[in-house]
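>
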Amino acid sequence: MTRSTALGGDAPPADTITAGGVLGRMGAAMAGHAKWVFGIWLILLVVLGAAAPSVFSSLAGAGWQANGSESVQVRELAQQHFGGNSSAAVQVVVHSDTQTIDGPQMQQTLGEVGAVFAGDPRFGAVIAPQPGMSISPDGHTGILIAGANASTDEMVKAVDDHKAALTALTGDGIEVYPTGASALWSDFNKANHDAMIQAELFSWPVTLAIMVLAFGSLVAAGLPLLLTLAGLVASAGGLVLLNEITPISVWAMNFAMMFALALGIDYALFIVARFRDALTNGGGPRAAVAETMDTAGKAVVLSGITVLVSLSAVLLVPAPAVRTMAVGIMLAVFFVLVASMTLLPAVLGALGGRVNAGSLPYAKRQQHRSPRFAAWGELLHRHPWPFAIGSLLVLIALAAPVLGLKVAMPSIEVVPTDAPVRQGYELVQAQMGEGAPGMLQIIAPAAEGTDAAAAATATDGIAMVTPPQPAPDGSDYVMLQAMPTVDPSDGQMGTILDALRAGLPDGALVGGAPAENLDLQQALNDYLPLIVGIILILGFVLLLVALQAPLIAILGTVVSLLSTAAAFGIAKLIFQDGHGASLLGFTPQGFLDGWGPVFFFAMIFAIAMDYTVFLLATAKEHYERSGDPKVAHVDGLAHSGRVIFAAAAVMVAVFFTFALADPLPPKEMGIILGVAVLLDAVLIRLVLLPVLLRLTGHAAWWSPAWLRKVLPNISFTH
Numbered sequence: 001m002t003r004s005t006a007l008g009g010d011a012p013p014a015d016t017i018t019a020g021g022v023l024g025r026m027g028a029a030m031a032g033h034a035k036w037v038f039g040i041w042l043i044l045l046v047v048l049g050a051a052a053p054s055v056f057s058s059l060a061g062a063g064w065q066a067n068g069s070e071s072v073q074v075r076e077l078a079q080q081h082f083g084g085n086s087s088a089a090v091q092v093v094v095h096s097d098t099q100t101i102d103g104p105q106m107q108q109t110l111g112e113v114g115a116v117f118a119g120d121p122r123f124g125a126v127i128a129p130q131p132g133m134s135i136s137p138d139g140h141t142g143i144l145i146a147g148a149n150a151s152t153d154e155m156v157k158a159v160d161d162h163k164a165a166l167t168a169l170t171g172d173g174i175e176v177y178p179t180g181a182s183a184l185w186s187d188f189n190k191a192n193h194d195a196m197i198q199a200e201l202f203s204w205p206v207t208l209a210i211m212v213l214a215f216g217s218l219v220a221a222g223l224p225l226l227l228t229l230a231g232l233v234a235s236a237g238g239l240v241l242l243n244e245i246t247p248i249s250v251w252a253m254n255f256a257m258m259f260a261l262a263l264g265i266d267y268a269l270f271i272v273a274r275f276r277d278a279l280t281n282g283g284g285p286r287a288a289v290a291e292t293m294d295t296a297g298k299a300v301v302l303s304g305i306t307v308l309v310s311l312s313a314v315l316l317v318p319a320p321a322v323r324t325m326a327v328g329i330m331l332a333v334f335f336v337l338v339a340s341m342t343l344l345p346a347v348l349g350a351l352g353g354r355v356n357a358g359s360l361p362y363a364k365r366q367q368h369r370s371p372r373f374a375a376w377g378e379l380l381h382r383h384p385w386p387f388a389i390g391s392l393l394v395l396i397a398l399a400a401p402v403l404g405l406k407v408a409m410p411s412i413e414v415v416p417t418d419a420p421v422r423q424g425y426e427l428v429q430a431q432m433g434e435g436a437p438g439m440l441q442i443i444a445p446a447a448e449g450t451d452a453a454a455a456a457t458a459t460d461g462i463a464m465v466t467p468p469q470p471a472p473d474g475s476d477y478v479m480l481q482a483m484p485t486v487d488p489s490d491g492q493m494g495t496i497l498d499a500l501r502a503g504l505p506d507g508a509l510v511g512g513a514p515a516e517n518l519d520l521q522q523a524l525n526d527y528l529p530l531i532v533g534i535i536l537i538l539g540f541v542l543l544l545v546a547l548q549a550p551l552i553a554i555l556g557t558v559v560s561l562l563s564t565a566a567a568f569g570i571a572k573l574i575f576q577d578g579h580g581a582s583l584l585g586f587t588p589q590g591f592l593d594g595w596g597p598v599f600f601f602a603m604i605f606a607i608a609m610d611y612t613v614f615l616l617a618t619a620k621e622h623y624e625r626s627g628d629p630k631v632a633h634v635d636g637l638a639h640s641g642r643v644i645f646a647a648a649a650v651m652v653a654v655f656f657t658f659a660l661a662d663p664l665p666p667k668e669m670g671i672i673l674g675v676a677v678l679l680d681a682v683l684i685r686l687v688l689l690p691v692l693l694r695l696t697g698h699a700a701w702w703s704p705a706w707l708r709k710v711l712p713n714i715s716f717t718h
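In terms of the UniProt record's numbering, the sequence shown opens at residue 1 and continues consecutively.
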């Protein structure tokens with residue numbers, strides 16, 4: 001027999017450890033060697049925590065592109081042969097109401113702008129404002145271009161470093177604003193980061209309050225936050241180290257923060273609730289940990305694997321920012337999962353009965369088998385059809401609007417109105433035309449330059465085309481700039497780009513920031529069906545392996561898809577149609593941000609399957625013990641309902657705090673994910689899925705003999 005050492009106290013009585021599965025034995029080992037576990041985690045957190053503070057300044061700021069697309073080829077050619085005059089170049093707008101560009105003060109300001117870029121090797125050739133190209137018709141506005149001599153990520157950091165010096169040149173009736181794609185991502189990433197931090201700080205006390213209500217104990221409520229904090233620090237440091245190998249988008253950490261908090265609490269809730277129940281069996285803390293990990297621990301592992309598998313499908317999209325966002329969440333989930341399997345059992349074993357310390361009066365009467373959810377299960381068992389039909393009708397009605405969903409890459413409106421990039425953007429539009437901030441770049445062989453200019457000029461939707469400019473390095477290329485007649489985010493932009501590409505000579509390529517956005521959107525659209533299919537298939541396979549029951553695995557996958565569709569239906573009503581926009585404090589763009597369907601589908605489906613595993617694993621445990629489908633149905637709800645309800649409340653609270661952010665993308669993310677969890681927990685996990693267990697009876701848990709031989713033998717009883 002082994003003794004586990006309590007934190008700050010004497011060793012508890014020896015535990016009786018009954019034979020169990022791998023996770024049960026591993027949990028008992030963690031509880032029995034708590035000091036070693038704490039020491040290893042302390043070393044890990046010190047090493048990774050040393051890198052964590054630099055996470056937001058170190059990570060990449062760009063990467064929103066479709067690798068291999070025509071627009072990316074144009075950018076690479078522009079950087080190689082045209083002094084870096086690509087979509088990543090920094091454009092500095094200089095304007096005066098009283099002076100023209102050729103005036104002495106304006107020329108002095110332009111010289112000072114050029115001096116800001118001098119000496120920084122990340123900038124290539126500096127191109128002064130050119131008549132007919134980058135000077136407004138009235139001569140009061142000019143655009144100086146500092147070429148990109150580094151990667152898109154480095155150019156965003158370069159703007160971060162120099163934009164304060166550039167905007168400081170504003171004065172004496174002259175305005176100076178850095179604009180262009182690199183400046184856009186610089187300002188947008190900062191606004192987004194500030195919003196995410198504010199939301200995260202606000203969500204922690206809200207989360208703690210919900211946890212205290214759910215557990216009725218201050219110590220038990222604090223454990224999930226401890227687990228989450230460990231996962232967050234580890235994932236932040238891990239992302240910084242990974243960024244040394246390959247650029248990781250700063251958005252990866254933004255998403256990781258949110259998901260680590262939500263899932264870390266989810267997993268800890270399930271494990272801590274089960275541990276408190278296991279303590280009542282009288283076997284001692286270590287035996288209680290073994291029982292907990294043999295039952296709830298299996299559900300958490302399977303849930304974590306499901307989340308990781310769902311997000312791994314996003315890695316197929318050939319866009320660095322999208323891929324690394326998925327990597328960030330996967331890293332956070334991995335560390336939270338490892339902490340759930342090692343650190344949490346060690347802490348629980350060390351605390352023992354003191355996990356209930358600081359209990360509120362009502363909590364002392366609290367049982368793991370909730371009488372209220374047992375009564376709810378009995379009600380569903382007596383009257384399954386009204387609840388089944390009612391929840392299905394609501395979900396289908398909410399999902400119907402998804403058929404009219406439109407997606408596009410974010411417009412300038414996602415940047416705060418006082419951001420320099422937006423002020424410069426709007427000034428250029430006012431002085432030079434709607435399409436001026438989104439010039440399309442055409443690179444063609446020198447022999448095709450004249451034909452390319454003629455074809456571009458003749459294209460509907462092109463307001464102006466600059467003469468072909470030979471490559472400064474003497475290579476056999478020319479560059480033309482084509483100004484669209486519409487705003488870069490206008491719905492007609494895609495038609496204009498397609499017409500332009502179709503009309504140009506074979507050797508000509510079209511790029512520029514609007515083209516890069518449209519090419520990325522096309523890649524996201526093309527990969528969406530593949531990603532959805534892979535996630536559904538892998539989700540079904542994982543449920544099948546976990547539950548060994550084909551029918552309930554299929555039903556669990558289908559209902560998760562239904563809640564996901566309903567969440568997108570609501571997203572269409574809010575963010576595309578603008579219902580509730582004034583209440584939520586945003587101006588609708590008329591579409592959902594382009595990366596939403598791919599990314600949110602993976603995230604929502606992962607969360608939905610998370611709850612599915614928790615509910616069905618508990619139901620299967622009771623079916624294995626009793627062989628009675630009614631016991632499985634009612635006791636599955638009675639033992640997991642309160643935990644699912646509390647976990648959903650925490651997730652909804654966490655996600656909805658992000659809806660308070662000013663930038664639109666965090667607002668979209670918070671509302672869509674919050675609504676998805678709310679729908680999934682209330683209508684799917686607590687109504688529709690239990691009703692399906694009732695209606696299918698023994699068939700829900702049936703499995704053919706040949707399948708049982710193929711699948712690994714996973715049992716949820718201890």
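Ideal Cβ placement from N, Cα and C applies to all residues, glycine included.
For residue 179, which beta-bridge partners are listed by DSSP?
Taking the first residue of the sequence shown as position 1, residue 179 is located at position 179. Answer is 91, bridged to residue 179.
> If I measure Cβ to Cβ from residue 416 and keep anything under 8 Å in the same chain, skipping five residues before and after, which residues do I get?
Here the question's residue 416 lines up with position 416 in the sequence shown. Excluding sequence neighbours, residue 416 sits near 187, 191, 422, 662, 663.
> For my contact list, residue 520 and residue 64 are in at a C-beta cut-off of 8 Å; report their separation, rounded to the angstrom.
As a first step, residue 520 must be located in the sequence shown, where it is residue number 520. As a first step, residue 64 must be located in the sequence shown, where it is residue number 64. Their Cβ separation, rounded to whole angstroms, is 6 Å, which keeps residue 520 and residue 64 in contact under 8 Å.
> Identify which residue in 473, 407, 31, 162 has its Cα closest to the Cα of residue 287.
Working through the sequence shown from its first residue, we reach residue 287 at position 287. For the residues 473, 407, 31, 162, the minimum Cα distance to residue 287 belongs to 31.
> Spatial neighbours of residue 127 within its chain, please: C-beta separation below 6 Å, excluding the five flanking residues on both sides.
Taking the first residue of the sequence shown as position 1, residue 127 is located at position 127. Excluding residues within five positions, the ones whose Cβ falls inside 6 Å are 145.
> Let's test the definition: count the other Cβ atoms within 10 Å of the Cβ of residue 109 and tell me whether it reaches 16, buried, or not, exposed.
Counting from one through the sequence shown, the residue named residue 109 turns up at place 109. Buried, by the Cβ-count rule.
> So which of 425, 524, 471, 499 has the shortest CA-CA distance to residue 487?
For the purposes of this step, residue 487 is identified with residue 487 of the sequence shown, where counting begins at 1. Cα-wise, what sits closest to residue 487 is 425.
> If you drop the 5 nearest sequence neighbours on each side, which residues of the same chain put their C-beta closer than 8 Å to that of residue 678?
Within the sequence shown, the letter at position 678 stands for residue 678. Within the same chain, residue 678 has close Cβ partners 648, 652.
> Relative to the C-alpha of residue 254, which residue among 517, 397, 331 is closest?
Within the sequence shown, residue 254 is the residue found at index 254, counting from 1. Minimum Cα distance to residue 254 is reached at 331.
> Note down, in chain order, each residue of its chain lying with its Cβ closer than 6 Å to the Cβ of residue 243, except the 5 sequence neighbours on either side.
As a first step, residue 243 is located in the sequence shown; it is residue number 243 there, counting from the start. Cβ within range, chain order: 58, 59.
> Per DSSP, residue 235 is paired with what?
One-based indexing of the sequence shown puts residue 235 at position 235. For residue 235, DSSP assigns no beta-bridge partner whatsoever.
> Give the single residue among 615, 408, 327, 166 whose Cα lies nearest to the Cα of residue 493.
The sequence position of residue 493 within the sequence shown is 493, counting from 1. Ranking 615, 408, 327, 166 by Cα distance to residue 493 puts 408 first.
> Are three or more beta carbon pairs between the region 536-552 and the region 428-435 nearer than 8 Å?
No, they do not touch.
> Kindly list the residues whose CB is nearer than 8 Å to the CB of residue 399, restricted to its own chain and excluding five residues on each side of it in sequence; keep chain order.
Looking up residue 399 in the sequence shown gives position 399. Here the set comprises 562, 565, 566, 568, 569.
> Only counting the same chain, and skipping five residues up and downstream in sequence, which positions put a Cβ closer than 7 Å to that of residue 446?
Position 446 of the sequence shown, counted from the first residue, corresponds to residue 446. Within the same chain, 470, 476, 477, 478 come within 7 Å of residue 446 by CB-CB distance, once the 5 residues on both sides are set aside.
> Considering only residues of the same chain and omitting the five flanking positions on each side of residue 323, which have a CB-CB separation below 6 Å?
Within the sequence shown, numbered from 1, the residue matching residue 323 stands at position 323. Same-chain partners within the cutoff: 315.
> Pop quiz: residue 228 and residue 264 are said to be a contact at Cβ under 8 Å. What is the actual Cβ separation, rounded to whole angstroms?
Mapped onto the sequence shown, residue 228 falls at position 228. Mapped onto the sequence shown, residue 264 falls at position 264. With a Cβ gap of about 3 Å, residue 228 and residue 264 count as contacting.
> So, at 7 Å on beta carbons, what are the nonlocal neighbours of residue 404 in its own chain, with the 5 sequence-adjacent residues on each side left out?
The sequence position of residue 404 within the sequence shown is 404, counting from 1. Closer than 7 Å at the Cβ level, and outside the excluded window around residue 404, lie 572.
> Is the beta carbon of residue 504 sitting closer than 7 Å to the one on residue 455?
Taking the first residue of the sequence shown as position 1, residue 504 is located at position 504. Taking the first residue of the sequence shown as position 1, residue 455 is located at position 455. Cβ distance < 7 Å, so residue 504 and residue 455 count as in contact.
> What's the call for residue 1, buried or exposed, on a 16-neighbour Cβ count within 10 Å?
The residue you call residue 1 lines up with position 1 of the sequence shown. Reliability fails at residue 1, whose pLDDT of 37 lies under 50, so the model's placement of it is uncertain and the value that follows must be treated cautiously. So residue 1 ends up on the exposed side.
> In the DSSP assignment, the alpha helix (DSSP H) including residue 109 goes from what residue to what residue?
As a working mapping, residue 109 is identified with position 109 in the sequence shown. Going by DSSP, residue 109 is part of the alpha helix (DSSP H) stretching over 104-117.
> Can you tell me the Cα-Cα spacing of residue 342 and residue 304, whole angstroms?
Against the sequence shown, residue 342 aligns to sequence position 342. Against the sequence shown, residue 304 aligns to sequence position 304. Residue 342 and residue 304: Cα-Cα distance of roughly 14 Å.
> Indicate whether residue 640 and residue 605 have their beta-carbon atoms separated by less than 7 Å.
Taking the first residue of the sequence shown as position 1, residue 640 is located at position 640. Taking the first residue of the sequence shown as position 1, residue 605 is located at position 605. Contact: no.
> Give me the residue from 547, 585, 676 with the minimum Cα distance to residue 711.
As a first step, residue 711 must be located in the sequence shown, where it is residue number 711. Comparing Cα-Cα distances from residue 711 to each of 547, 585, 676, the minimum goes to 547.
> Tell me the rounded alpha-carbon separation between residue 284 and residue 645.
Within the sequence shown, the letter at position 284 stands for residue 284. Within the sequence shown, the letter at position 645 stands for residue 645. In this structure, the alpha-carbon of residue 284 lies about 28 Å from that of residue 645.
> Take residue 68 and list the residues in its own chain whose beta-carbon comes closer than 8 Å to its own, dropping the five residues that flank it on each side.
Within the sequence shown, numbered from 1, the residue matching residue 68 stands at position 68. 318.
> Counting only runs that start and end within the region 39-89, where is the alpha helix (DSSP H) found for 4 or more residues in a row?
55-58, 70-81
> What are the start and end residues of the beta strand (DSSP E) that includes residue 148?
Here residue 148 refers to the residue found at position 148 when the sequence shown is read from its first residue. Unbroken beta strand (DSSP E) run through residue 148: 141-148.
> Quick check: residue 589 and residue 406, are their CB atoms within less than 7 Å of each other?
Mapped onto the sequence shown, residue 589 falls at position 589. Mapped onto the sequence shown, residue 406 falls at position 406. Here residue 589 is not near residue 406, since their CB atoms are 7 Å or more apart.
> Could you tell me whether the region 353-360 touches the region 614-633, using the rule of 3 or more Cβ pairs below 8 Å?
no
> Who are the near neighbours of residue 451 in its chain, counting only those whose CB is closer than 6 Å to its CB and skipping five residues on each side?
Numbered from its first residue, the sequence shown carries residue 451 at position 451. Hits under 6 Å: 505.
> Does the region 388-402 come within contact of the region 459-466, defined as at least 3 CB pairs closer than 8 Å?
no
> Per DSSP, residue 469 forms a beta bridge with which residues?
Numbered from 1 along the sequence shown, position 469 holds the residue referred to as residue 469. For residue 469, which the question treats as bridged, DSSP gives the partners 479.
> Can you tell me whether residue 473 is buried or exposed? The criterion is at least 16 other CB atoms within 10 Å of its CB, across all chains shown.
The residue you call residue 473 lines up with position 473 of the sequence shown. With fewer than 16 other Cβ atoms within 10 Å, it is exposed.
> Please report the residue range of the beta strand (DSSP E) in which residue 126 lies.
On the sequence shown, residue 126 is found 126 positions in, with the first residue counted as 1. Secondary structure note for residue 126: its beta strand (DSSP E) is the uninterrupted segment 123-127.
> Could you spell out the range, first to last residue, of the alpha helix (DSSP H) harbouring residue 329?
Taking the sequence shown and counting its residues from 1, one reaches residue 329 at position 329. Run containing residue 329: 320-341, per the alpha helix (DSSP H) assignment.
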